[in-house]
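Residue numbers (our numbering), protein chains in the order written: chain A, 574 to 839; chain B, 69 to 362.
All C-beta atoms in this analysis are idealised placements derived from N, C-alpha and C, irrespective of residue type, glycine included.
Next up, the structure:
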């Protein structure tokens, strides 16, 4: 008699490959002999994954239409089955998949929109944390400012795109249908959930360099100098008020030695 | 809060505002454990609010208790954290498998019923109950195929599992009709032999009707419509033997509005009240203490 591990291995192999026949361990009795019975499991799994991707990537779906989306989702799911029973964040690699998906060649920004949607999803389920108001910065003694470390919100994601990905998302999602989309301009965006709702902000020039520096554990002074190097007109005070205004800072830490910078967490 | 022998409803994000605004007279709510395994965010916020008002049942759909391989330790830890956080009145999982070699097959897959499978499932239920430090209920599956390697009946398997682990059972009445139709056995005979003394919860749902490749009628456990008369009749038959038990309306796909779901719960409540009259008040408390005992 075949053992349980053997039965599950052949069952799983047949689930993963629609070209394979139903596994040999199934009873050949009159009621259950038909291979369409096994196909119910194949279908349940695929429909569940496609519906999960439809839920997680509504703007990509709207951009390409239902039929194309299902085709892309089915192809993705076949080659990228979930590794975890927690499907809340299923589709992390969907943007990278769309970059390479031949049928989506004519929509080159699709991968960036998918990465933005996944960032929103991850922010939605990320740990909760209360943002600090900017007046907490005023309480820091002037000599401590340069070496100050800012702890950023656990839901924060930064994305850079050579396409206007934030505007495309806003115009397509219904969040702001009147948004003008200038396809000649790339956009950097920040996504985070400081309270109950996920926020999306299109960043000014050098904003991403500055925030990435802070996220990597650089001091305020070091992150500001790196941003100013990239953009001569970088204005620290306006970027700080934007960052705090967004709710992206949750803690301040003074007194760390400048040459002992903590490593990035992300 | 303990889950009462009343009708409960599967909690859906779309209905949370209506529920918290109107505080309907529903006995309890059930959630799928995996939908609340994010680190934070609105789902935890609304579940916390629901738990202040209503008893909760946590229903796992992804632990893969029937896997030939080991249980996923990370997933067990997530389940333990969720149960500690919300202290639900009931915790349940399925007699099924869904993970193999690191891949999660997003469905409740069938098991051959054999001594080897029983050993494996009993070990996993033991580990689950030790991890959670409480008994769990194990649900009978909806099946579409059977295995050559099965040499015991599903009922004998469930009875042996209860005897070995001290777990309780979750009897899904719709699954019984689906499996009976697909496997060409009598749902009534199955229910009449079910070890009801171990049951701590019932599930009711709707199913889809299709034809298999040979033209035979098959039922699909779709959870996408109202409970049909055939399932209500089997439910009444079960209550006639068991007395009142916590009963869930499962409606997961093609969701109706909240009012429709509430009416479904009302239809179950009417039958529960009738069963109170039939079996007397002592039956449900006796059964609940079984579900708590180890």
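Three or more pairs of CB atoms, one per stretch, sit closer than 8 Å, so the segment 812-826 of chain A contacts the segment 715-733 of chain A. Between residue 70(B) and chain A, the shortest Cβ-Cβ separation is not below 7 Å. In chain A, no part has a C-beta under 9 Å from the C-beta of residue 327(B); the shortest such distance is about 24 Å. Judged by pairs of C-beta atoms under 8 Å, the segment 107-126 of chain B touches the segment 83-90 of chain B, as three or more such pairs exist. Per DSSP, the unbroken beta strand (DSSP E) holding residue 97(B) starts and ends at 96-100.
Following the DSSP letters along the chain, one finds residue 794(A) inside the alpha helix (DSSP H) bounded by residues 793-803. Out of 600(A), 680(A), 627(A), the CA that lies nearest to the CA of residue 756(A) is found in 680(A).
Take the alpha-carbon of residue 240(B) and the one of residue 339(B): they are about 16 Å apart. At a cut-off of 7 Å between beta-carbon atoms, residue 87(B) makes no contact with chain A.
Near chain A, meaning a CB-to-CB distance below 7 Å, no residue of the segment 300-315 of chain B qualifies. Contact between residue 259(B) and residue 302(B) holds: CB atoms are separated by about 6 Å, below the 8 Å threshold.
Near chain A, meaning a CB-to-CB distance below 9 Å, the residues of the segment 152-177 of chain B are 165, 166, 167, 168, 169, 170, 171, 172, 173, 174, 175, 176, 177. The C-beta of residue 713(A) has fewer than 16 other C-beta atoms within 10 Å across all chains shown, which makes the residue exposed. In the structure shown, the three-state DSSP call for residue 315(B) is strand.
Between residue 77(B) and residue 317(B), the C-beta gap is smaller than 7 Å, which places the two residues in contact. Within the DSSP secondary-structure output, residue 763(A) pairs in a beta bridge with 731(A), 774(A). At a cut-off of 7 Å between beta carbons, residue 109(B) contacts chain A. Against chain A, the beta carbon of residue 215(B) has neighbours under 8 Å at 580, 598, 599, 600, listed in chain order. Residue 674(A) sits in coil when the DSSP states are folded into three classes, being neither helix nor strand. Neighbours of residue 275(B) in chain A, taken as residues whose beta carbon is under 7 Å from its own, are absent, since the nearest beta carbon is some 12 Å off. Per DSSP, the beta bridge partners of residue 160(B) are 127(B), 205(B).
For the pair residue 658(A) and residue 130(B), the CB atoms are nearer than the 7 Å cut-off. Within the segment 260-347 of chain B, the alpha helix (DSSP H) runs of at least 4 residues that lie entirely inside it are, in chain order, 297-310, 326-347. From the listed residues 295(B), 246(B), 305(B), the smallest Cα separation to residue 332(B) is found for 295(B).
The beta carbons of residue 578(A) and residue 136(B) sit about 4 Å from each other, so the pair counts as a contact at 8 Å. In its chain, beyond the 5 residues on either side, 588, 591 have a beta carbon closer than 7 Å to the beta carbon of residue 615(A). Each residue's CA atom was taken as its position, placing residue 175(B) and residue 618(A) some 6 Å apart. If you look at residue 824(A), you'll find it in the beta strand (DSSP E) that goes 822-826. The continuous alpha helix (DSSP H) containing residue 745(A) extends over residues 738-746. Measuring C-alpha to C-alpha distances from residue 255(B) to each of 279(B), 232(B), 287(B) identifies 287(B) as the nearest. Of 733(A), 668(A), 674(A), 721(A), the smallest CA-CA separation from residue 775(A) is found for 733(A).
For residue 226(B), there is no enclosing beta strand (DSSP E); the residue is part of the alpha helix (DSSP H) that begins and ends at 222-233. A distance below 7 Å separates the beta carbons of residue 150(B) and residue 101(B).
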